[in-house]
Amino acid sequence: MSTPASSPTSRRWRRPLFTLVVGALVAVGAAIPTSGAILTDAGTVTGSLTTDILDPPSGLSAAPSGSDVNLSWTASPHPDVSRYEVLRSTTSGSGYGPVGTPSGTSFTDAGLTSGTYYYVVRATYRNWTSTSSNEASATIGGPLTSGPHTCTSNAPDTGGDGNGYEVAPANACANDSVFAADMNSGTSTALSCGSIRKDRHRFWGFPFGLPGSVSSVTDITVRLDASLDALGGTNRLCVQLSWDGGTSWTAAQYATMSSAAETTYTLNGTWGWTWTAAQMSTSTFRVRVADASNITTRDYLLDYLAVTVTYVP
1 MSTPASSPTS RRWRRPLFTL VVGALVAVGA AIPTSGAILT DAGTVTGSLT TDILDPPSGL
61 SAAPSGSDVN LSWTASPHPD VSRYEVLRST TSGSGYGPVG TPSGTSFTDA GLTSGTYYYV
121 VRATYRNWTS TSSNEASATI GGPLTSGPHT CTSNAPDTGG DGNGYEVAPA NACANDSVFA
181 ADMNSGTSTA LSCGSIRKDR HRFWGFPFGL PGSVSSVTDI TVRLDASLDA LGGTNRLCVQ
241 LSWDGGTSWT AAQYATMSSA AETTYTLNGT WGWTWTAAQM STSTFRVRVA DASNITTRDY
301 LLDYLAVTVT YVP
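In this text, residue positions in the sequence shown follow my numbering: the first is 1, and each later residue adds one.
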């Protein structure tokens, strides 16, 4: 007798007609999804992300001193700055290379050869570096110039009619076409700049601000913007310089006035004297102007008196 087809001993198990896909149950014939399910943890919290800027230092200045350049600047306002990076170049605006990493707001770049050097400073914190400060420059070995500078004080000197530029003499200390005037230039027709019979006036208080390390003064240029009431005869502007407050004077230089209209005249050189920085201070340096004409009634008008100093630091 044969065993029935439904007997447990002859039953076969068949595979199920579905497939388990991670993250989703996909029915037969359905499209495959392009993204999976996202598990959200309800216990997480939100936060914020902030950004910050490492502020650069400011107010960088550079001052030559012999073969050194002394740098100083205003600190970065950022509280996390740990030190600064000083960079130098011989070209303005590019080519900088590091020369020091001070923790304070000053640095001396020492032992330099003659030339002009350009500097910027950056603030640093760990691997974080600010943008550059302003650029500052200094020249080693000179020459450098200071000026033109104008006077801040004046007084008539002895000579002539004794009152120098008697009308508004302070007007010579500004370039504004407002004149100091010497009415009647003297009591003699002699043309000598050293004549005691010529009207003379002294000016001082020129703020040159030369560093104490000046090794030499190579030129002092005196500029005079002057005119006359008329062009007749021979008319000279004579200038002498003093290094000790007016006790001693250099030999005079003069310019012959070529026009009655306002004209710029310049006199320059070392004036036969070896100058020091101390002798160029506002209290020691003097300029004396004498008006030498062979017409005693000649009027001199002085609009502008300025001095420029060239020196080697």
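Where a beta carbon is used, it is the ideal one built from N, C-alpha and C, also for glycine.
Candidates S242, A138 and T263, of which the one nearest V312 by Cα
A138
Three or more C-beta pairs below 8 Å linking the segment 114-133 and the segment 82-96
yes
At the level of alpha carbons, what is the spacing between V86 and F107?
8 Å
Can you look up P156 in the DSSP assignment and give me helix, strand or coil?
strand
Are there 16 or more other CB atoms within 10 angstroms of the CB of S177, so buried, or fewer, so exposed?
exposed
CB-CB under 7 Å to D80, same chain, minus the five flanking residues each way: which ones, in chain order?
Y125
With 16 as the cutoff for other CB atoms within 10 Å, does L231 come out buried or exposed?
exposed
From A62 to E135, what distance separates their C-alpha atoms?
9 Å
Are the CB atoms of D225 and Y300 nearer to each other than 8 Å?
no
According to DSSP, what are the bridge partners of P98?
L87
Validate contact between the segment 151-163 and the segment 199-207 using beta carbons, cut 8 Å, 3 pairs
yes
Host beta strand (DSSP E) of I53 (start-end):
Looking at the DSSP string, I53 is not in any beta strand (DSSP E), and its letter there is neither H nor E.
Please classify A27: is it buried, with 16 or more other beta-carbons within 10 angstroms of its beta-carbon, or exposed?
Residue placement at A27 cannot be trusted, given a pLDDT of 46 that sits under 50; the coordinates are not used to answer.
Cβ-based burial, R83 [other Cβ within 10 Å; buried from 16]
exposed
Any idea which residues DSSP pairs N70 with across the strands?
Checking the DSSP bridge columns, you'll see N70 partnered with A63 and T108.
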